[in-house]
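Protein sequences, first through last, are from chains P and Y. Going by this note's numbering, the first sequence opens with residue 76, and the numbers climb by one from there. Going by this note's numbering, the second sequence opens with residue 76, and the numbers climb by one from there. Glycine residues also receive a C-beta, built at the ideal position from the N, C-alpha and C atoms. Everything on this sheet refers to the single structure shown next.
Number of protein chains: 2
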Amino acid sequence: MNQTLDILKKNGLSVTEGRREILNLFIQSDGALAHADIESNTKISFDRVTVYRTLQTFVENGIIHQIPTTDNTILYALCKDKCGAGHHHDEHVHFICNECEKTICLDDVTVPSVKFPKGFHPLQSAMVVKGICSDCRKN
Amino acid sequence: MNQTLDILKKNGLSVTEGRREILNLFIQSDGALAHADIESNTKISFDRVTVYRTLQTFVENGIIHQIPTTDNTILYALCKDKCGAGHHHDEHVHFICNECEKTICLDDVTVPSVKFPKGFHPLQSAMVVKGICSDCRKN
DNA sequence: GTATATTTGCAATATTGTTGCAAATTGTTT
DNA sequence: AAACAATTTGCAACAATATTGCAAATATAC
Numbered sequence: 076m077n078q079t080l081d082i083l084k085k086n087g088l089s090v091t092e093g094r095r096e097i098l099n100l101f102i103q104s105d106g107a108l109a110h111a112d113i114e115s116n117t118k119i120s121f122d123r124v125t126v127y128r129t130l131q132t133f134v135e136n137g138i139i140h141q142i143p144t145t146d147n148t149i150l151y152a153l154c155k156d157k158c159g160a161g162h163h164h165d166e167h168v169h170f171i172c173n174e175c176e177k178t179i180c181l182d183d184v185t186v187p188s189v190k191f192p193k194g195f196h197p198l199q200s201a202m203v204v205k206g207i208c209s210d211c212r213k214n
Numbered sequence: 076m077n078q079t080l081d082i083l084k085k086n087g088l089s090v091t092e093g094r095r096e097i098l099n100l101f102i103q104s105d106g107a108l109a110h111a112d113i114e115s116n117t118k119i120s121f122d123r124v125t126v127y128r129t130l131q132t133f134v135e136n137g138i139i140h141q142i143p144t145t146d147n148t149i150l151y152a153l154c155k156d157k158c159g160a161g162h163h164h165d166e167h168v169h170f171i172c173n174e175c176e177k178t179i180c181l182d183d184v185t186v187p188s189v190k191f192p193k194g195f196h197p198l199q200s201a202m203v204v205k206g207i208c209s210d211c212r213k214n
């Protein structure tokens, strides 16, 4: 069965053209996407507002997650199976390549736990690493 | 000698009222600051543009550094001594409190190194942790 | 104190994100 | 398959955030 459709139905979301296309973009893309990427890469052009709302819906349903960045942009990437509405489990490392500028989810690299000073109670960790990705290394 | 003045001169920056006040704000504050915080907290009101440019100058000179976030804001915090123009060394963990919403630099908690897949060449790491800070824990 | 270089503030503009509401689309029921 | 209810979309307006050029003001160097 179509993977895109599968995901939407599993989350009880109505299947619309916008959601299908945007979700497809994530599945096809190997890296993370920013709002701007989505707006320019979809064949059919959707309203900015629709893109915003679709992304929001996807985040709320545990389909995609946000990646922290230092430049005023929000990046989104597909979640793994374990995520669902309300609870995300994206404790993997994100890699931003300085050369191709892609952001890649290193799904197999878990964020290590660290020792915190007394009184600090950690709940959720994120780790972002900049460097050169394996693709750019080859060239 | 005045610490603010000291930092500015050490970096070869001309000493202006705006730079003095904004840098002071960072020194006094225990957490990280967003653009908005700075605009509203300085006694004398500076133009938005001035604040933007001042922050940029400080980042370029290794006086402050940016902290990654998932909500479209840029946070800034003071750098330690080791930072200078062009080279930052802020490999410490940042803690965002869910309760007081403050972002704190845990200068003594270093970002642990992790094993990357073949081909990935890390250069700079950042780690952001959400949870409850020690101050809010007490109450 | 004067000259030179830098910085500031204003105005204009660009980019990004949000909200209300009517029209269109999707899912549901018969 | 048609009709109804619920959801989603696009438009318009708006709000917030960020950037640029340029003349006036300020800081540093001499």
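Please name the residue, chosen from Cys175/P, Phe133/P, Asp112/P and Phe195/P, that lies closest to Lys84/P on a Cα-to-Cα basis. Taking the first residue of the first sequence as position 1, residue 84/P is located at position 9. Nearest of Cys175/P, Phe133/P, Asp112/P and Phe195/P to Lys84/P, Cα basis: Phe133/P.
When DSSP labels each residue in this structure, what does Gly194/P get in the three-state scheme? Here the question's residue 194/P lines up with position 119 in the first sequence. Residue state, collapsed to three classes: coil.
Residue(s) in a DSSP beta bridge with Thr185/Y: As a first step, residue 185/Y must be located in the second sequence, where it is residue number 110. Paired residue(s): His167/Y.
Looking at chain P, is there any beta carbon in it that lies within less than 8 Å of the beta carbon of Phe121/Y? Position 46 of the second sequence holds residue 121/Y. By this cut-off, Phe121/Y is not an interface position.
Neighbour list for Lys193/Y in chain P, Cβ cutoff strictly below 8 Å: Counting from 1 along the second sequence, the entry for residue 193/Y is found at position 118. The contacting residues are Ser209.
Cα separation between Leu181/Y and Asn214/Y? By one-based count along the second sequence, residue 181/Y stands at place 106. By one-based count along the second sequence, residue 214/Y stands at place 139. Those two C-alpha atoms are separated by around 21 Å.
Test item: CB-CB of Val184/P and Val203/Y under 8 Å: For the purposes of this step, residue 184/P is taken as the residue at position 109 of the first sequence. For the purposes of this step, residue 203/Y is taken as the residue at position 128 of the second sequence. No, Cβ-Cβ distance for Val184/P and Val203/Y is not below 8 Å.
Chain Y contact for Leu130/P (CB, 8 Å cutoff): Taking the first residue of the first sequence as position 1, residue 130/P is located at position 55. Chain Y, which has no Cβ nearer than 8 Å to the Cβ of Leu130/P, makes this no.
Name the residues in the stretch 141 to 168 of chain P whose C-beta lies less than 8 Å from a C-beta of chain Y; which are they? Here the close residues are Gln141, Ile142, Pro143, Thr144, Thr145, Asp146, Asn147, Thr148, Ile149 and Val168.
So, for Val186/Y: in the same chain, excluding its five sequence neighbours on each side, which residues have a beta-carbon less than 8 Å away from its beta-carbon? Counted from its first residue, the second sequence places residue 186/Y at position 111. Closer than 8 Å at the Cβ level, and outside the excluded window around Val186/Y, lie Glu166, His167, Val168, Ser200, Ala201 and Met202.
With 16 as the cutoff for other CB atoms within 10 Å, does Ile142/Y come out buried or exposed? Here residue 142/Y refers to the residue found at position 67 when the second sequence is read from its first residue. Buried: at least 16 other Cβ atoms inside 10 Å.
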